[in-house]
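Please read the structure below before turning to the comments.
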Amino acid sequence: MASYQDLGAAEVAAMLRRGDPLRLIDVREPDEHRVAHVAGAELWPLSRARAWLPDVPRDTLVVFMCHHGMRSASVAGYLAERGYTRVANLVGGIDAWSLEVDGLVPRY
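Numbered by the numbering used here, the letters in the sequence shown go through residues 513 to 620 in order.
This is the structure:
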């Protein structure tokens, strides 16, 4: 069975600080994104996944995030089952990011 990585918020933040090659993709909806977002994350709403799934790169680590990590885990799992090997889930989502990395990111 194919799998994906689970990464913690502090780990992803450290990777970004180091300049590790990765894409941070936020699969929440635009109204959620307006409430809180992580600087540098790309908004790819899950409701529009049919449109963007073909654009997910295979050659770069893609870390998916959402509010608490459930939607992003489902996307990472879906892609892993289809042969993607460089996909990860940000465990705890933006809520964990707010608690562990940047307290200025609003919790909701």
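Beta carbons: idealized from backbone N, C-alpha and C, even for Gly.
Burial state of residue i, where buried means 16 or more other Cβ atoms lie within 10 Å
i      : result
Ser515 : exposed
Met577 : buried
Arg529 : exposed
Arg570 : exposed
Val613 : buried
DSSP three-state assignment for residue i, whether helix, strand or coil
i      : result
Asp567 : helix
Ala585 : helix
Asp607 : helix
Ala592 : helix
Val547 : helix
Ala561 : helix
Leu616 : coil
Glu541 : coil
Residues bridged to residue i (per DSSP)
i      : result
Met535 : With the sequence shown as reference, residue 535 is identified as Arg, and Met is not the correct amino acid for it. For Arg535, which the question treats as bridged, DSSP gives the partners Val574.
Asp518 : Asn601
Is it a yes or a no for the segment 584–591 touching the segment 608–618, going by three-plus beta-carbon pairs under 8 Å?
Taking 8 Å as the limit for Cβ pairs, the verdict is that the segment 608–618 does not touch the segment 584–591.
Examine the Cβ distances between the segment 529–540 and the segment 554–570 and report whether three or more of them are shorter than 8 Å.
In this structure the segment 529–540 touches the segment 554–570; the number of beta carbon pairs closer than 8 Å is three or more.
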